[in-house]
Structures are given as C-alpha cells and as structure tokens.
Amino acid sequence: MDTFTYKPLISKLAKAVHVATNGPLVEVHLNDTSDLPKGDGSRATASPAHCVLNENYKIFAERIRNVTVYEDDLWIVTAPKCGTTWTQEMMWLLDHNLNYQQACEINLIHRSIFIEFCALVPAFEQDTIAQVEKMSRPRHIKSHLPMALLPKQLWTVRPRIVYCARNPKDMVTSFYHHYCHMHGYTGSKDAFLEAILHDFVMFQPQIPHTLDFWSLRNESNILFIHFEEMKRAVQAPLHGRTVEVHLNDCSYLPTGEKLRKPTHCVLTPQYVTQAERIHNLTVYEDDVWILSFPKCGTTWTQEMVWLISHDLDYQTAAKVNLLDRSIFLEYDELHHRRCTKFSAFVLNYPGDTIEEVEKAPRPRHIQCHLPVALLPKQIWSVRPRLIYCARNPKDATVSFFHHYRHLHGYRGSMEDFLEAILTNQILFGPQIPHTLDYWNIRRQMNVLFLHFEEMKTNMSEVLRRVCKYFSKTYTDAQLAELERHLSFDVMKNNKSANNSCVLELVESLSGKKVENFQQVALQLFVPFVSIVKDRTFEFELKMTFEYIDIQDPVFKATCRDRNEEDYVLVRCNDYTNVPINLPHWTPEPVCLSRRYERVGQTIKQMEVRPDDVWIVTYPKSGTTWTQELIWLVCNGLDFQKAKDVPLDARFPFIDLSGLRDLPEPFNPLRDALEMSSPRFIKSHLPPAFLPNALWTVQPKLVHVRRNPKSVAVSYYHHSVSLHCYSGTLDQFVRSMMNELVYYSPYHKHLIECSELRYPNMLSLCFEDMKRDLPGAIRQVCHFFNKSYTEDQLAQLAAHLGFDQMRQNSAVNRRQWIEYNLVRTNRTEKVNDNDMQFIRRESAMASNVFTITDIDTKLGCPGASAFVQIQLNDLTDHPLTSASEHTRPSAIVPAKFRNYAQQVRDFQVYDDDVWIVTYPKCGTTWTQEMVWLIDHDLDYQTARDVNLNTRSVFLEIGAIADKIPVDTVTAAANLKRPRHIKSHLPLALLPRQLWTVKPKIVYVARNPKDVAVSYLHHYQMIMGYRGTKEAFLDGLLEDRVMFCPQVKHALDFWVLKDEPNVLFLTYESMKRDLRSLLPRVCAFFGKSYTDEQLDELTTHLSFDQMKKNPSTNNDQMVRSAMKMNGREGEQFEFMRKGIIGDYRNEMSQEYIEKFDRFIEQQLAGSDFKYDLRLTRSLPTVID
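Numbering (the numbering used here), first residue to last: 1 to 1182.
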C-alpha cells in the first residue's frame, strides 16, 4: 500500500487561490496512521489532520517521512504565521547560552532550517532536506507539516518538539498578507478567506493541525505554547515585575468546610523582602481586619465597619483620613522603590505601613488584599474579627483595569489586561481562589462574609448584619443616616474616604498628572456609577442581571389572585461565553421570582468541576425520573443508598432558593457548593443563566425535553401543589403561552439547549423514555461509560417504573407536598392525585391493543424479543364487515409496544403518499419509482438526496433495538407532501389512513422468493445467527417480524378497488416495468412522453439502481452489519432480484411446505400470487 494518498484540488475556489510559486495543490493523507501517538485521547474519534500542499511535495514526501531523527534535535512546529520565526530565535538562543554574537552572524534560516521548503517552492535550487541531514548536532529544525506528515522517527526517538499555536483569525490575516507578498497571490481577500474555510490553501486545515499537537501537550518531550502568551506584557511602572508567592507550611491554616489547597498570590519581588514581617506580625483579639480582592468594595466596607464599631463617630471620621483609621497593611510593601526601608506595591512609597500597623492604637482596623495563606500566622490562633467582601469577578476586573491604569501606571490594552487576569498574572491573583479560600471559612464565628452586590442592592440589611456582628444596636434613624453617609454622593465628596490623597500621591511619585482627576476619583467608587468615561475610553457597566416588572395588563390585574405577585422578568447580560449555534443570539428575559436575586450571581460564578454531572431541563420534562436514572447508573446501581438518601440531597436543585422561601436548614445551592466530588446538580435555568465555568470546564450535561402540551398540564398541577398557584388551568396555559410562568419562555429554553455546541451533552426525550425505557437506560449507560448485565438493567428499569417511583419516599417529595398544603391550609387535598409530585399516569387506551410476549428462536441483535399485538378497537378499520378480519394481530419487535398507540394516532394528510409492503417485496424499487413519478422526474434531487430521506421508513426506530431515533415523530414532522414507507400490516397502520384516504401503493410478492430474500436480510442486517430451517419454519407459522405474511397482502387486496389504493405485484414490475409505468402515472395524475418513460425504465433498472448511492443503501447496510455483529462479511442490499430464486436456495421439502401454506392462506380469496417462473433477468429488491 502506498504511504500517502494525494487528492487534487480542482474546485473553482481552489483554482481561484492558486499561485504559480507553489503550483497545483493536493490534499496529502497518510494511509497508515497506526504508528502515530495517541496523545490524551481527545482526538481518539478524529483522523489525524491531512495537509494541503503542492503537487511537487509528492517528490519529497517519502524522504521527509524517513528522515533520521536524533534525540538531541529540537523541532519547532507550527501552522504558518503562528510566531514560528519568533519561536525559532527564542529557542535557538535559549539552547545556545544566549549567544547573541553568533545569532547576529549566522542567518536564522541556516541555524534553524525549514525542512520542507524545497518541496514547496519548485524553483528553489537548494535541497533543504539534505541540509537538515548534514547539519551538525544538536539540530534545530522548523516545519509547518501536521503530525501525520512529519518524520515517523519523531514518535520513537522523541526529540524535543516546541509547538506554537495562535488565534486562527489573527493567523489568517497574517497568512493572507504573506500569501500576497511571498507566494505572489493576486486574488481578493474574501476569496482567500473563503478558501481558508474550505481548506484550499497551503498547510490547511489549521485547527486540526493544532488539535493534533494539543492532544500531545502532556508528553514530556513536547512544549506547547501560545503566540498570545508570548505577546502579553502587563507590567506596570509603579510596581514593576511580579512573582508568585507560595506558603510552604500550611499546616496551621484553618481547614474550613472542605479541604482546599490554599491559593498562592501574585505580588512584587519587593514583597518577598517583607513577607516574614507580615507573617510574624503580632495580632490582637480586638483587631478588625477588612479583607478583599482589589476593587471589591474595600474602601466602602472600611468606612462602614469603622463607623459601626466606633459608635457612628462621624466627627472623627471626618477629621482622620480613612487610610489612617484603617491602615492598608501591605501598601508600602507593594509600592516602594527609592526608599531604603522597604519595597513592594507603589515602588517608591515613602512610608512603612507595617510599622504603622504595629504602632496603631488598639483596637486596630487593618485593610489587606492578601489571601488566607499569606495573612499573619497569629490570625488563626488569636482569632480577631475578619470581614471579607466578595464581588462579581467581571465587575471587579473592569474596575481593577482602570485602577491599574491610573494608580499603577499600566499602559497596555484592556484585552491584554483581561487575558492577564484570566491567566493569573495580575497583582493579588488568582482572583476566584482568593475568594473561595475565605468562603471556605465563612462559618467560623469570627468571620463575616459580605457580598458587594448585596451592599449595593440591600444596604440596610447588610448594616443590620454588621451591627449584629459587632454587637451594636442603633435606631432605624441612625441606620438610615449611616446608609446616607455611605451613599455615592456623600462618599465622593468626603475627602477623608474618597482616596483623593492617593491620586495626589501617585502624581507626586510618578511625576505625571493623572488625567481626568475627578473622573478617576469616581472610578474608585465605580460600584455607584453606571457609566465610566475618561478621555479615550467609555465603558458601560451592566449588572449581570436586570429585573424587569411584568407589564402584561391581564397579568398585572390578576396576579394577586393567582399568588404570582413575586413574578418578574430577569434579563442576563453575561452570556458571551455560552457556546450556542444561533447567529446574533441575545437571550430573552426569563420569568422568575424576585427571590432569584438571592442566588443568581452565586450560580453564575459558582465553581464547576470536571467530574460534575449536570441535568438541565424545563420544569416537568421528566427531570426527577432522569435524575434517579443518572444517579444510579453513575453510582453502581446502589439502590440501598438511593432509598436511604433523598434525591434532593443526592442531586440538589440549585435554583430552588431563588423561587421560594425554604425552611432551615434546607439550602440546595449551599449544599451543591459544599458537596464533595463527584457532584450531581439539577437546574431548570436556560443556558445564559448557568455558571460561566460550565462552558469551559464542560462536565457531563444531560438535557431532557418533553411535549409542551404535556408539560403545561403537569406544570399547572405542580404549581398548584408546590408553588401555591391559585389560578385555573386555562389561566395557567394562557400565562405559559404568554411566557409568564417560571422559567418561560418554554420554546426559547428548548431551542437554546438544543443548539448548544457542547460535545459532552446527552439529549433525551421524555416520550422516548416512556416508550422505550430500556433503550434510554442503555443510552445513559453508554454516555457515562458504564456497563451492566441485562439482569441489572432490568432491575433498574423496574426501579424506575411509575408505581415504584410514586411510592418511593426518596424521590416522590411527599414531605414537600404536605409542608406546602399545611402551610396554605389545604390539608384536605393531601391524598388528591393532582397534588402529588409524581401524578398518576394518564390512562392510555389500554383496550385498543392486547399485547402478548411470545417465545421465539428468532431473536437477534437487531430485535431481541417479539410480541403479538392484537387490535381490539376496530373504529375506522376498513375491513370490519368481514368476520374473518375481526381482531387482527401481527408479530412485531417488543420495542414497538411503546409506539403502537403513537403510530395509530399518527396525523395523516391527504397529500401523503404511502408505500406499504411486506419486507423484501421490492419496496426500495417502488419508492424510487413512485417518488420520481410524483416529483416530475426530478432526477437531480433524486441523485442529491438519499431515498431514505425522500421516502422515510416510518417505524424503523420503533422496531430496531439499536436505533435510538424516534422515526415516528421524525416522519410526523416532515415537510409536506410526505412520502412514507412502512412494512406494518393494515391493522397497525395509522387509523386516519382510512378516513383521510391519501394515496397508498401496495406491492405483493411470491412468499417463497420473499422467504429467501428475507432470510439473507435477517442474517446480515438484523444479525440473526439461527438456522435457515428455523427461520423458514417461523414464516410458515407466521411468527416472524411483520407476519402474518399472506394476510398482509390479502388485507390490501380487499382494498384494491379503492380509488386511493394502487395494488401492484413484484412479478408484474419485473416482467414488464415499462408497460406498468403508465398505470402508476395515471394513479398520480401524471403524464409523461414515451421517451421520458423509457428513461425512467432505464433509471429503475437493476444495474442503475445498484450503482446509485442514493438508492443502494450501502451505507445503511454497512452501519447495520457493524451494529449487529456482521462487520466484514459480504452482503449487498440489492442482491439478485430474480423471480424464482427460491429454487436455488430452498429444499424441495420446504418448497412443498410453502405451496401448501400459500394454498391454505388463500382459500376463499380471489387473490392469487404470480407463481410463474420466468427468465432470471436481474432487477432490484429491497
């Protein structure tokens, strides 16, 4: 086998970007990839990236693949324009002891050779591959080739490899200019960009190129770097460069509620010289420490705390600057340069704040931005008061950016600053672990944990909490005065607290005037303003959530009567990280409770862990059912624990506290935050409201959807029992349609979840679970990589049954129902079915069918078990006048029991076309013929669109065990006019067929030829491994799928004279299709010329159909054979297609058995199969 496959790029777009420098382009594919490294498994399902190169590369491909590699080589590999030259120079200097002299004397192209250059530019006279082979060691080698095309010894010798990645959009822009100036490209930029997107440009595709190496990033010989990381520079002149400071001995630190490794801190080198002084600072029990990450309301909190603890002494607060009343401990450690005493924050700050703290009169107030690990050691034994204020990281970051510019002298871009925050390169970072360390100890008696947002929206309540913390009591009037004092207008004019002295100090230290001095002063209190402007920058600070009163007049007039006064529309403004496949998407406001303010920000910022499991649904979509299923699958089917521990404790509903007041100590959000891993978390929130970290960490996510009509009814009863809703069902439905019930709008919720670009998500359908719970269980097991025996799966299915779930106290939320009914004086409804969390299933028409399991030896991977379904309700049945046709029955796979009612109730339209046959009677042939005749002989669409898409198989998903798709629903949603194929007998088809009367084409065939063809199909497509005799006996006993076979045809023969029914036989089509076509055309009201009918006859011939990928079902056959254990065996869907082939494969004994069987079945009927033999000309069968 050739090492490489070359595919010429001949499209119009590829030719548009062709350049003479390189010559014609080809795709280069490595045929045998078995020797390539597998990496971290993230590319396990993807083929290694191919590469677009020029035809000249073929001459050199084998030489490059077989280049000798040495372990002291250093390979710099990138896609083009990703910082290659920059990286080459950096790596060469680092590897050559910073020999700048030699680097100046010898050109980089000779120090770090571009190995494939001679292959890319045919006119280039030098052989760069030979140059690499002759280089003195250690060699530096550059390449743009993807992993698959690099020398194969790279993966065995394992030299050093440095890979540099870059934002594809920046790369493309640079590559365009490179292509113009270096390759001679003269086309348009738009054509180049379009060609990049279609992988028609040299070295494309870029992203798979990068992903292949990303999967290898953890290999010890590979260094993966980012161009942007190299570009980034965020040092500020007032504090210089930074270092990470880690505490080595953490044994004395408090453990808090969960075991956490204390975070390090980014500080200045000057801080290191004073770290021990801070570490050993004497602490007193009457100290008050105000702690925060920068720009989280520290000054605001300092002023509030100082006044409350000092009996509201406004006079002293006005005379003494806050910096002296509440000293910033590490300020000079971060700001000192020329002073010989210390150095750390403002590099040339002229004071010693540590000494000031040590000399301050008690009780001392001390401000500090250090994390838990770097605070004075005595804090944890002396236990003074600690007050921590947290803030939305995004708001804090914006404020910190302005602070960094004006007080630290930072002159970089906001984008670089934000990137530095995210990569923990800014002072006092990392930001979120800083807060989490303090959150972890918030329940200690000496700790008060505040939220900036709570201070902003409900300061009066915060003041009461702080007063209680300090054991202070003030009148309402005093608290109102304090709240006024802490307001923006007062604070900004309060020279004691507005930090204007800091700006003056910065001006004196930097020698530069701070522009827009007053505006910068306002930025110190950015929480109070909605717009921050300076000379060159304008930025609107939006709250994460906006709360909008509902304006619907009917709702406003009646909400009190229905107990909906707390309803509010909530808009989320923080949604840019949501990976959604909707162009120009802006999430709609969601109907929630005003209580959501309590939890919204916490949920948005909550930590997400890689081993989390999240379930997200619209309410009443099968959430509880799916939660129990998921938890058991992931926890080894621990039924005992599932019984002992309530589902709400195992799988907390995090947004519940945002809907209603909950009795202590029930707090599911807190429980979720504090749970040990792996956590199981439930939410009804739409994507925009979910944690931002969800989209980057990407844990397992399960979404469940349900028919909105069923949701509405169930949600109404749920709202009555659990949310104390007091309106009628009609009122509730109106509210839901107007998107004014909790979590609405429903359809937006469903669409947004369905359009997520989220690779680690499983989407389930409630109706599918109801119809085929074992199939849903297998889906969940596969998603979570769990394997259980059939007995275990059966036990799980039984556990998840309706009656068991309803009686299971761990999941039925009985206590919640009773709590609500008692609280609202409705105890008489305790036993009302409509007041139960798991309501009684709506009674299905159990009398419509009688379903009986049957014993059979014909089970196979495609259909493991079978049932006999008898139709009891003959309403609208077209054959009820004949006594022999009463209570008809049929054999179908057991899975169909869950779809029988859905198929019976299937909506039929008068412009439908139905092709109905027993299996292997020429169905595919008839489908193609009928579709073309009905669509004006549109051969182009027939070639472009697969027949299975144009003429869908109604029940395939309802009978095949391993096909998880609900094809019945899919068929129902097809664009009209629909062409639908079915093998179901008349009794199991939709009842509306007989009242709406669409066109029905039925085809019958000699049962003996059917038997032989069906046997091959059953073996290769269904995976049957039993004997031929057992299968033939099954047909004779009418116990094979879709039997009874002869009666299947007889029922439609009775209807042959109906104007909407066309009855055909396979044999008549086989003997003279051309003569039959006018009859079919007339049935559809179509007329074609003789030439057109001749062309159609040719198109429908066996040879043409077999070669036609739209009709030959090759892909379906391969997939089914692989699914059912027949992969690698020979079988063609279009096998022989001859009349009388049974004589070649059926013994004389069975021929006679079938003859007797047919005769018995046809007794009393005028229908006769065409049993004549004819010359075996091939045609098509399905």
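Backbone N, C-alpha and C fix where the C-beta goes; we use that ideal spot for every residue, glycine too. All of these numbers come straight from a predicted model, not from anything done at the bench.
Helix, strand or coil at residue i [DSSP, three-state]
i            : result
residue 883  : Since pLDDT at residue 883 reaches only 43, below the 50 mark, its modelled position is unreliable, and the value read off the structure follows with that caveat. Helix at residue 883.
residue 38   : coil
residue 925  : helix
residue 749  : helix
residue 845  : Caution is warranted here: a pLDDT of 38 is assigned to residue 845, below 50, making its placement in the model unreliable, and the coordinate value is therefore given only provisionally. Correct three-state label for residue 845: coil.
residue 299  : helix
residue 1003 : strand
residue 871  : strand
residue 316  : helix
residue 492  : helix
residue 1041 : coil
residue 294  : coil
residue 69   : coil
residue 341  : Any answer about residue 341 is weak, because its pLDDT of 31 lies below 50 and its placement is not dependable; what the coordinates show is given next. Note: residue 341 maps to coil in three-state DSSP.
residue 433  : helix
residue 1058 : coil
residue 154  : helix
residue 556  : helix
residue 112  : strand
residue 575  : coil
residue 484  : helix
CB of residue i within 8 Å of CB of residue j, strictly
i            : j           : result
residue 52   : residue 204 : yes
residue 285  : residue 364 : no
residue 180  : residue 78  : no
residue 742  : residue 732 : no
residue 49   : residue 191 : no
residue 109  : residue 162 : no
residue 996  : residue 909 : yes
residue 975  : residue 915 : no
residue 1077 : residue 928 : no
residue 296  : residue 396 : yes
residue 589  : residue 570 : yes
residue 74   : residue 90  : no
Selected residue, minimal CA-CA separation from residue i, among the options
i            : options                : result
residue 377  : 278, 1162, 450, 111    : 278
residue 427  : 317, 264, 570, 414     : 264
residue 1003 : 361, 212, 920          : 920
residue 784  : 799, 762, 153, 790     : 762
residue 998  : 91, 988, 977           : 977
residue 1050 : 548, 888, 681, 352     : 888
residue 750  : 735, 811, 688, 696     : 688
residue 911  : 1084, 871, 1028, 1062  : 1084
residue 230  : 112, 704, 103, 83      : 83
residue 946  : 984, 1112, 1148, 430   : 1112
residue 250  : 194, 375, 281, 134     : 375
residue 1157 : 1103, 1093, 1047, 1092 : 1047
residue 960  : 759, 898, 800, 675     : 898
residue 591  : 550, 184, 1066         : 550
residue 684  : 729, 744, 611          : 744
Residue i beta carbon near the ligand GTP (any heavy atom closer than 7 Å)
i           : result
residue 672 : With respect to the ligand GTP, the structure shown offers nothing to examine, as it has no ligands at all.
Handout entry: Sufficient close CB pairs (3 or more, under 8 Å) joining the segment 459 to 467 to the segment 631 to 642
Key = no
Handout entry: Any 3 or more C-beta pairs closer than 8 Å across the segment 699 to 709 and the segment 785 to 804
Key = no
Handout entry: Cβ contact check for the segment 1057 to 1066 and the segment 1036 to 1048: 3 or more pairs under 8 Å
Key = no
Problem - Every unbroken beta strand (DSSP E) inside the segment 923 to 980 [3 residues or more] - result: 951 to 953
Problem - Sequence ranges, beta strand (DSSP E) only - wholly within the segment 750 to 789, length at least 3 - result: 761 to 765
Exercise for the section: Report yes or no: do three or more beta-carbon pairs, one from the segment 950 to 958 and one from the segment 867 to 882, lie closer than 8 Å? Expected result: no
Exercise for the section: May I ask you to verify whether the segment 576 to 589 touches the segment 659 to 676, counting CB pairs closer than 8 Å and requiring at least 3? Expected result: no
Practice task
Would you list, in sequence order, the uninterrupted alpha helix (DSSP H) runs of no fewer than 4 residues that lie entirely inside the segment 11 to 63?
Solution key: 12 to 16
Problem - Stretch-stretch touch, CB-based, cutoff 8 Å, three pairs: the segment 890 to 908 with the segment 859 to 867 - result: yes
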